[in-house]
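Participant: Residue numbers (the working numbering): 56 to 286.
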Amino acid sequence: MLEQLKQAVYEANMELPKRGLVTFTWGNVSGIDRDSRLVVIKPSGVAYESLTPDDMVVIDLDGNQVEGMLSPSSDTKTHIELYKAFPALGGIVHTHSTYAVAWAQAGQDIPCYGTTHADYFYGSIPCVRHLTDQEIDEDYEKNTGRAIVETFQERMIDPVHVPGAICASHGPFTWGRDAAQAVYHAVVLEEVAKMAIYTREVDRKSFVAPQNMQDKHFMRKHGPNAYYGQK
């Protein structure tokens with residue numbers, strides 16, 4: 056079942072240690088087949104060097120396990136909430152990458168200080184609020200997803216234009232049109248998080264990049280008249 060998607064999600068998961076985004080088993084990637092409404096995700100707590108495409112777990116959008124001998128990622132419910140709320144998403148990544156986590160532990164958005172950030176994220180990368188005691192006790196992972204959705208809705212952020220968020224005291228979630236692009240965005244988020252920290256170190260009073268520069272760099276890649284790259 057969904058053999059091509061399993062292979063794609065497996066390969067995307069294997070990119071995480073390759074790109075230095077995970078330590079031990081601290082991360083996961085999923086992908087969704089929108090026609091069947093089935094999600095393929097990494098199994099929980101399995102070392103990357105031991106993974107195979109057949110280890111990938113298939114679940115439905117109600118969280119029922121459809122295929123696979125192993126238990127799905129403990130973050131599965133977060134992925135499901137994001138897929139249900141944001142139809143454009145085809146893949147999701149969660150890591151505990153160092154620089155993104157630093158911002159999450161500080162409880163601050165990652166500001167857009169320059170064009171590298173603006174090329175991929177239109178504005179600051181939001182930090183999602185802490186969950187309440189009730190939300191944690193009730194269903195931690197599901198409510199993590201709901202809190203991300205809530206943040207994007209309340210701030211009127213387009214999840215296609217800002218393909219990621221950091222959760223306070225936790226870490227980053229990124230997404231894309233498929234699992235591979237979600238990993239790409241995870242790599243970019245970590246790099247711009249690092250750049251933002253260094254910028255603050257140089258000058259704690261640094262200003263964000265001018266809006267006209269942010270607009271130019273984002274729109275030349277993603278706008279209706281985008282011209283970056285090859286046609």
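Glycine is no exception: its CB is placed at the ideal position from the N, C-alpha and C atoms.
None of these values were measured; they are calculated from a predicted model.
Flag this pair as yes or no: are the beta carbons of N119 and K97 separated by less than 8 Å?
Facilitator: In the sequence shown, the residue the question calls residue 119 occupies position 64. In the sequence shown, the residue the question calls residue 97 occupies position 42. Contact: no.
Participant: Can you check which of these residues, S99, Y103, E104 and T171, is closest to V112 by C-alpha distance?
Facilitator: Your numbering for residue 112 matches position 57 in the sequence shown. Among S99, Y103, E104 and T171, the Cα nearest to that of V112 belongs to S99.
Participant: Candidates D194, G226, I135 and E196: which alpha carbon is nearest I180's?
Facilitator: The count along the sequence shown starts at 1 and reaches residue 180 at position 125. If we check each option's Cα against that of I180, G226 comes out closest.
Participant: In chain order, what residues of the same chain have a beta carbon less than 8 Å from the beta carbon of E27, not counting five sequence neighbours either side?
Facilitator: Not covered by the structure: residue 27. The range shown for the chain is 56 to 286.
Participant: How many angstroms separate the CA atom of I135 from the CA atom of L93?
Facilitator: Locating residue 135 in the sequence shown gives position 80, counting from the first residue. Locating residue 93 in the sequence shown gives position 38, counting from the first residue. Between I135 and L93, the C-alpha separation is close to 10 Å.
Participant: Should the region 230-238 be regarded as contacting the region 140-159, the criterion being three or more beta carbon pairs within less than 8 Å?
Facilitator: At 8 Å Cβ cutoff, the stretches touch.
Participant: Between which two residues does the beta strand (DSSP E) containing T320 stretch?
Facilitator: Only positions 56 to 286 of the chain appear in this structure, which leaves residue 320 out of reach.
Participant: Can you give me the Cβ contacts of W81 inside the same chain, cut-off strictly under 7 Å, excluding the 5 residues immediately before and after it?
Facilitator: In the sequence shown, counting from the first residue as 1, residue 81 sits at position 26. T150 and H151, listed in sequence order.
Participant: For T150, name the three-state secondary structure that DSSP assigns.
Facilitator: To locate residue 150, count along the sequence shown from 1; it is residue 95. Strand, per DSSP.
Participant: Whose C-alpha, out of D90, S91, E193 and A102, is nearest the C-alpha of Y65?
Facilitator: Position 10 of the sequence shown, counted from the start, is the residue given in the question as residue 65. It is A102.
Participant: L137: which of A223, I252, R259 and P218 sits nearest, CA to CA?
Facilitator: Walking along the sequence shown from the start, residue 137 turns up at place 82. Ranking the options by Cα distance to L137, first place goes to P218.
Participant: Could you tell me which of S105, D88 and Y175 sits nearest to A241, measuring between CA atoms?
Facilitator: Position 186 of the sequence shown holds residue 241. The option with the nearest alpha carbon to A241 is Y175.
Participant: So which of P72, D270, E70 and R89 has the shortest CA-CA distance to L60?
Facilitator: In the sequence shown, residue 60 corresponds to position 5, counting from 1. When only C-alpha atoms are compared, the closest one is R89.
Participant: At what residue ranges does the region 120-189 contain a whole run of the alpha helix (DSSP H), taking only runs of 4 or more?
Facilitator: Segments of the alpha helix (DSSP H) lying fully in the region 120-189: 131-140, 153-161 and 170-173.
Participant: Out of L71, L244, S85 and L76, state which residue places its alpha-carbon closest to the alpha-carbon of C167.
Facilitator: Walking along the sequence shown from the start, residue 167 turns up at place 112. If we check each option's Cα against that of C167, L244 comes out closest.
Participant: Report the partner residues of N83 according to the DSSP bridge assignment.
Facilitator: Residue numbering aside, residue 83 sits at position 28 when the sequence shown is read from its first letter. Per DSSP, H149.
Participant: Where does V257 land, buried or exposed, given buried means 16+ other C-beta within 10 angstroms?
Facilitator: Here the question's residue 257 lines up with position 202 in the sequence shown. Classification for V257: exposed.
Participant: Beta-carbon within less than 8 Å of C222's beta-carbon, same chain only, minus the 5 sequence neighbours each way: which residues are those?
Facilitator: For the purposes of this step, residue 222 is taken as the residue at position 167 of the sequence shown. A159, C182, V183, T199, A202, I203 and F228.
Participant: Taking its Cβ as the centre, do 16 or more other Cβ atoms sit within 10 Å of H216, making it buried, or is it exposed?
Facilitator: Taking the sequence shown and counting its residues from 1, one reaches residue 216 at position 161. H216 is exposed by the Cβ-count criterion.
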